[in-house]
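Student: Just dropping this structure here.
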Amino acid sequence: MNFFRAEAEKNVAGTPRNVIYAIEEPETSQHPNYQMMLMKALLALAGQPHRQIIVTTHVPALAGLIPVEGVRYVTRNEAGEPVVKMPDDAVLKEATESLGVLPETGMERAQGIVLVEGKSDVTFLRHAASSLKQSGALPASLEDVKIVPVLIGGCGSVKHWVTLNLAKDLGLPWCVFLDSDIGGDPAQVLSIQKRKKEVEEAGKVFFATRKREIENYLCPDLIEEITGVAVTFTDTCDAKKIIGRAVGMKPDNVLDKFWPQMTSERIISRSTYHDGTQERSELVEILSDIVSMTR
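Residue numbers for the sequence shown follow the UniProt record's numbering, beginning at 1 and rising by one.
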């Protein structure tokens, strides 16, 4: 796995040769946690020039991470001959039913959903909405209006497709909330912009953060108050890595550790931006739109 991570981070400008990596059923030799980590490393590697990844799997959790356009469903016809099917709605339905790829739980009680990438996004939105409601900056929390953040593992993944189709079948209003990744990998930024265009063309709302990631909205003063460590980061740097390194914590745990301690005042302050001469709060605006989705 470390090999693929290193390959993904390597500057391929100096290594223009074409490489194809083929991995058969990684679930047979990897712990489930490592399977997910491996798949994410492979997806990052697949975004590099001159690199192609081929993975076969029967595991729903792994298949659910794969971008829809990258799926090839291999089955057999009535004569027993192998058939490779390209992704369209009918093929994706057949493949997801065959593998048992399911949407995230919680949708059965929802009156609206927000598609997010990971568990930290759920913490981010729920706490921000709850705090802003308590201070009077927001009319309701997500729980009040039964809007459920649903993990999709990345916009454009198979799990995203399954969740979206269930939302449509249930007649639920939905929107998307993702990090913008501004200042990060240019290819990822372009991918997010492509997804934004697709969602908006479907008549739905796509929220992308004005800052790089949700961790960039954390208050440095709060982190110092809790840990005694002064941390400096900008709106577009890799804040979770910088904070994690400074306080001795895994980067993926940073948001869940500190964000629940953010007050409404700090949430508003850290999401303030200027529109001409007018001062506005990005998170108040985003969450106001989200909680009004079901009204």
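Here a beta-carbon is modelled for each residue, glycine too, at the ideal position from N, C-alpha and C. Here the structure is a predicted model, which is why all the values come from computation and not from measurement.
(1) Measuring alpha carbon to alpha carbon, tell me which residue in T277, G203, L287 is nearest A137.
(2) By DSSP, does L43 sit in helix, in strand, or in coil?
(3) Please list the terminal residues of the continuous alpha helix (DSSP H) segment that includes D275.
(4) Going by beta carbon distance, what residues of the same chain come within less than 8 Å of T294, once the five residues before and after it are set aside?
(5) Are the beta-carbon atoms of W259 and F177 separated by less than 7 Å?
(6) Under a Cβ-count criterion, where at least 16 other Cβ atoms within 10 Å of its own Cβ denotes burial, should K240 be classed as buried or exposed?
(7) Short check: CB of I243 to CB of V254, under 7 Å?
(8) With distances taken from CA atoms, which of F207, R270, K85, T209 is nearest D221?
(9) With C-beta atoms as the reference, is A44 less than 7 Å away from I53?
(10) Please report the residue range of the alpha helix (DSSP H) in which L190 lies.
(11) Let me confirm a value: E24 is counted as buried when at least 16 other C-beta atoms fall within 10 Å, else exposed. Which label applies?
(12) Please tell me whether R212 and I182 are closer than 7 Å, where the distance is taken between their beta carbons.
(13) Can you check the stretch 206–261 for any alpha helix (DSSP H) of at least 4 residues that lies completely inside it and give the ranges in chain order?
(14) Looking at C-beta atoms only, is the number of pairs between the stretch 66–77 and the stretch 87–96 that lie closer than 8 Å three or more?
(15) With a 10 Å radius around its C-beta and 16 neighbouring C-beta atoms as the bar for buried, classify S141 as buried or exposed.
(16) Have a look at Q278 and H50 and give me their C-alpha separation to the nearest angstrom.
(17) Cα-Cα, which of S180, V74, N77 is closest to C237?
(18) Using the Cα positions of L102 and L132, report the straight-line distance between them to the nearest angstrom.
(19) Can F206 and K196 be called in contact, C-beta distance under 7 Å?
(20) Which value, in whole angstroms, describes the spacing of the CA atoms of F233 and E282?
(21) If we call anything under 7 Å between Cβ atoms a contact, is V199 one with P149?
(22) Going by the beta-carbon positions, is the gap between V231 and A246 smaller than 7 Å?
(23) Whole-angstrom Cβ separation of S264 and Q134, contact assumed at under 8 Å?
(24) In whole angstroms, give me the CA-to-CA distance for T57 and C175.
(25) Reducing DSSP to helix, strand and coil, say where T294 ends up.
(26) Taking Cβ positions, are D185 and N216 nearer each other than 7 Å?
(27) To the nearest angstrom, report how far apart A187 and G248 are at their CA atoms.
Tutor: The structure says:
(1) Answer by Cα proximity: L287.
(2) DSSP, reduced to helix, strand and coil, places L43 within a helical segment of the structure shown.
(3) D275 -> not in any alpha helix (DSSP H); beta strand (DSSP E) instead, spanning 272–275.
(4) Result list for T294: Q111, G112, V145, K146, I147, P173, in chain order.
(5) No, the pair does not count as a contact, with Cβ atoms beyond the cut-off.
(6) Buried is the call here.
(7) Annotated as proximal: I243 and V254, with beta-carbon spacing under 7 Å.
(8) Ranking the options by Cα distance to D221, first place goes to R270.
(9) Contact: no.
(10) Counted as a single uninterrupted DSSP element, the alpha helix (DSSP H) harbouring L190 occupies residues 186–201.
(11) Flag for E24 reads exposed.
(12) Taking 7 Å as the Cβ cut-off, R212 and I182 qualify as a contacting pair.
(13) Segments of the alpha helix (DSSP H) lying fully in the stretch 206–261: 220–227, 239–247, 254–258.
(14) They touch, by the three-pair rule.
(15) By the neighbour-count rule (16 or more Cβ atoms within 10 Å), S141 is buried.
(16) Rounded to whole angstroms, Q278 to H50 spans 46 Å at the Cα level.
(17) When each option's Cα is compared against that of C237, the closest is S180.
(18) Here L102 scores only 48 on pLDDT, less than 50, and its place in the model should not be relied on; the value that follows carries that caveat. Looking at the two C-alpha atoms, the distance is approximately 33 Å.
(19) Yes.
(20) Spanning the two alpha carbons is a distance of roughly 19 Å.
(21) In this structure, V199 sits away from P149, with a CB-CB distance that is not shorter than 7 Å.
(22) Their beta carbons are under 7 Å apart, which means V231 touches A246 by this criterion.
(23) Yes, they are in contact, since the Cβ atoms of S264 and Q134 sit about 7 Å apart, within 8 Å.
(24) When rounded, the distance between both Cα atoms is 30 Å.
(25) Three-state result, T294: coil.
(26) In terms of Cβ geometry, D185 and N216 do not form a close pair [threshold 7 Å].
(27) Their Cα atoms are separated by approximately 30 Å.
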